[in-house]
Amino acid sequence: MIQKTVITKSEREPQNVSGTYSLVLNNEGKVELTLVQSHFETLTKENVLVVTEYNENSITWQGKSNGTSYIMTKVTKAEMDNIKTPEQQLIEKMFAQGWGSGVIRSASDGNFAAYYYVTKDDHTVHFLSYANKTVVRENIVATVTEEGVLTFQKPITVSGSSLSAIKVKEDGVELVGLTAESKLVGNVSYGKDKTSLYKMVDWIKLPGGGQPQFKNARCILSANLEAEYNRVPAFDFPIFEWNGDWTSIVIYADNYYFMLYQGGNMTPIEGTDIIRFNKDAGLAPGYGSDINKVKSDYPNIYGFLFDEDHIIVRSNETPEAGLYVFSISSDSFVYWPQPVFQ
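Numbered per my numbering, the sequence shown finishes at 1078, counting up by one with no gaps.
Here is the structure:
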């Protein structure tokens, strides 16, 4: 009896597993297949199969110990490579519907409360909530325990609601446990004209003049950014602005530095509207021309903007809403409270 290598994978565990197999004729003259260290053995508690019939395209086997019948059919390598877990399949459905990420707002006034996004390969739901200048982040692994439902390993409290699952429907998703005081909505933002409403992934890419500016008011920042912000030269307020006219973030050092952010892969996480600023876009010409000045004077602010990925969301559902920019890898954030439409 010669043992040979067999590679298996399954929807429940789609990574390749390398085991061995052997073929022998039993006392009845039938072919027996023995599998060692395979997904089949793990999932069925059976490792010896007896051929009962076969044709060009399939083989029917019977488990030697449990008597259960199984059918093997031909598949291509591409089909094998594309096997996905139930979680991955359901999350892909969420992506297709545009619900790989979403915003939780107050049902009464539309104020921002929390944001979620889903990562497919580790089937994890990531929540970020914000209140009273404090960021709270929760990451929870989810599994498919019933059709169309991504159930959290344990309930988590987000913005006053005890959430236990995401139910995927034909026309959207439901956060199971979300109270009537809150609502789940898409992440959208008004343009400079105050009437055009865009998905955030499209708003961030609008050409110059499509977004309002956010300035003429003091920013609210996480504690790790405040000291640098307070060093920024000021007229009425430190000069640190979101400039939608120039599609840049402006900060003053020895001059105005217009840090461009568009271009490149601005949505790095599949199916979500997580935003990545393009650190290679450089500076708008005509003012400060050496980005190293910003890096040296304001290393924490620069690192937050260009070395981390972001959740970008408006503070409420009106054109006059402020702009939050949160990191997804730390508790850092900037809030520009005042849009300007001139």
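Ideal Cβ placement from N, Cα and C applies to all residues, glycine included.
Length at least 3, wholly inside the stretch 752 to 791: the beta strand (DSSP E) runs in chain order: 753 to 761, 767 to 772, 784 to 790
Taking the beta carbon of S754 as the centre, do at least 16 other beta carbons fall within 10 Å, making it buried, or is it exposed? By the neighbour-count rule (16 or more Cβ atoms within 10 Å), S754 is not buried but exposed.
Within its chain, find whatever has a CB closer than 7 angstroms to the CB of K941; leave out the 5 residues flanking it on each side and keep chain order. Q998, M1002
For T976, the first and last residue of its enclosing alpha helix (DSSP H): A quick correction: the sequence has Phe, not Thr, at residue 976. Taken as a continuous stretch (DSSP letters only), F976 belongs to no alpha helix (DSSP H), being part of the beta strand (DSSP E) at 976 to 979.
Going along the chain, which unbroken runs of the alpha helix (DSSP H) with 4 or more residues stay wholly within the stretch 950 to 998? Within the stretch 950 to 998, the complete alpha helix (DSSP H) runs of at least 4 residues are 959 to 967.
Contacts around E1006, its chain only, beta-carbon distance under 7 angstroms, and the 5 residues preceding and following it disregarded: F831, K856
Take I827 and list the residues in its own chain whose beta-carbon comes closer than 6 angstroms to its own, dropping the five residues that flank it on each side. V854, K856
Taking the C-alpha atoms as reference points, what is the distance between Y713 and W797? Because the chain in this structure spans residues 737 to 1078, residue 713 falls outside the shown range and cannot be described.
Which first and last residues belong to the alpha helix (DSSP H) in which G1039 is found? Going by DSSP, G1039 is part of the alpha helix (DSSP H) stretching over 1035 to 1042.
Beta carbon of H859 nearer than 8 angstroms to that of T879: yes
In the DSSP assignment, find the unbroken beta strand (DSSP E) run with A878 in it and report its ends. 870 to 882
Assign I876 to one of two classes, buried (16 or more other C-beta atoms within 10 Å of its C-beta) or exposed (fewer than that). buried
How is L899 classed by DSSP in three states: helix, strand or coil? Assigned with DSSP and collapsed to three states, L899 falls in strand.
Are C1079 and Y1034 close, meaning C-beta to C-beta below 8 angstroms? The requested residue 1079 is not part of the displayed model; the chain covers only 737 to 1078.
Please classify W939: does DSSP put it in a helix, a strand, or coil? Three-state DSSP puts W939 in a helix.
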